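Taking this note's numbering, the leading residue of the sequence shown gets 16, the next gets one more, and so forth. Just so you know, even glycine gets a beta-carbon here, dropped at the ideal spot from N, CA and C. What you are looking at is a predicted structure, and each value in this text was computed from that prediction instead of being measured. Before any comments, here is the structure.
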Amino acid sequence: METVLVEKIGQVMHITMNRPEKRNAFSNLLWKEFSDALVQFDEDDSMRVAIVTANGPCFCAGSDIKELALGTHKAPEGREDWGFAGLTRHTYKKPIIACVHGAVYGGGLELMMACDLVVAVRSAKFALPEPTIGAMAENGFINVINQIPYRIALELLFTGEPIDSERAWNIGLINRIVESEEELLPEALKIAEKICQMAPLPIEFSKEVATRCQGLPSKAPSAAWDVVDEVAVKLYASHDFAEGTNAFREKRKPVWTGK
16 METVLVEKIG QVMHITMNRP EKRNAFSNLL WKEFSDALVQ FDEDDSMRVA
66 IVTANGPCFC AGSDIKELAL GTHKAPEGRE DWGFAGLTRH TYKKPIIACV
116 HGAVYGGGLE LMMACDLVVA VRSAKFALPE PTIGAMAENG FINVINQIPY
166 RIALELLFTG EPIDSERAWN IGLINRIVES EEELLPEALK IAEKICQMAP
216 LPIEFSKEVA TRCQGLPSKA PSAAWDVVDE VAVKLYASHD FAEGTNAFRE
266 KRKPVWTGK
């Protein structure tokens with residue numbers, strides 16, 4: 016059985032983790048096939064947004080504990096520096112939306128936090144339980160302390176206790192809550208379709224700026240504003256910027272090329 020299923024829906028790539036009998040815990044095979052899918056998405060010019068979902072009762076329970084115990088758990092060759100799932104320490108240029116349900120624990124939460132947007136089922140639970148097996152959330156530290164209030168981040172890191180979707184939404188960990196798993200993909204597709212209506216380059220450049228400037232001071236002068244200026248120069252020299260402004264002036268729908 017394939018551990019990852021890939022479907023193209025218009026300009027959206029739907030990537031599904033498919034190891035339900037193991038709660039989608041990341042084996043070496045799942046790690047490789049999942050990161051292969053993300054690379055395929057980022058390199059395919061016809062794809063604008065990726066949506067990550069999971070089969071079975073659980074989004075992702077983290078790493079395969081059996082492989083960890085045997086000392087055989089490792090990243091795919093050539094992707095050793097990309098972090099868990101080939102995602103937590105590697106940036107893809109286009110938006111990735113996570114659709115989560117059930118247990119979003121350990122590496123599953125780290126994977127979710129490495130995505131750009133999150134839709135969650137109300138019944139989902141979120142936790143970093145690594146200390147319960149003598150480990151720490153090494154692939155989640157930076158994201159969790161950057162994405163939510165510091166003391167709440169430490170509570171997750173220190174206690175391993177799960178939080179529910181309502182609290183996750185209140186602290187800014189997720190974007191939207193739906194009532195059932197059946198609503199996850201349609202809600203994510205609504206977001207993806209809005210993104211696909213925008214010009215490709217501003218979306219990619221906005222993600223680049225957000226990634227490079229996270230944690231930097233916002234008061235000018237700062238390195239953050241240097242990044243904004245650097246990327247803006249590239250954007251305003253692009254074909255799509257000229258096309259967008261000309262289309263607005265001519266009262267017609269723009270034709271984006273991503274160049």
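- With the rule of 3 Cβ pairs closer than 8 Å, the region 131 to 151 counts as touching the region 105 to 118.
- Closest by C-alpha distance to A65, out of S42, N33, K108 and A239, is K108.
- Beta-carbon to beta-carbon, H88 and E82 are separated by about 4 Å, close enough to satisfy the 8 Å threshold.
- Shown here for G98: same chain residues with a beta carbon closer than 7 Å to its own, the five before and five after excluded, namely R104, H105 and N154 in chain order.
- Counting other Cβ atoms within 10 Å of its Cβ, V159 reaches 16 or more and is therefore classed as buried.
- In the same chain as F56, and ignoring 5 residues on each side of it, the C-beta atoms closer than 6 Å to its own belong to M28, M62 and A65, in chain order.
- The secondary-structure analysis by DSSP pairs V136 across a beta bridge with V193.
- Burial check for M128: the Cβ neighbour count within 10 Å reaches 16 or more, so the residue is buried.
- Going by beta carbons, V224 and V248 fall outside the 7 Å limit.
- Within the model, the alpha-carbon separation for G77 versus R267 is close to 48 Å.
- Residue burial annotation: L169 is exposed, with fewer than 16 other C-beta atoms found within 10 angstroms of its C-beta.
- Here the alpha carbons of G121 and P72 stand approximately 16 Å from one another.
- Annotation for A239: the continuous alpha helix (DSSP H) segment containing it runs A238 to Y251.
- DSSP lists K140 as the beta-bridge partner residues of A118.
- Residues A142 of the same chain have their beta carbon placed closer than 7 Å to that of E176, with the five preceding and five following residues left out of the count.
- Judged by DSSP secondary structure, T260 falls within the alpha helix (DSSP H) whose first and last residues are H254 to E265.
- Shown here, S78 sits in a strand according to DSSP, grouped into three states.
- Taking 8 Å as the upper bound for CB-CB distance, V193 and V136 are in contact here, some 6 Å apart.
- Taken atom to atom, the span from the alpha-carbon of S50 to that of I24 is near 19 Å.
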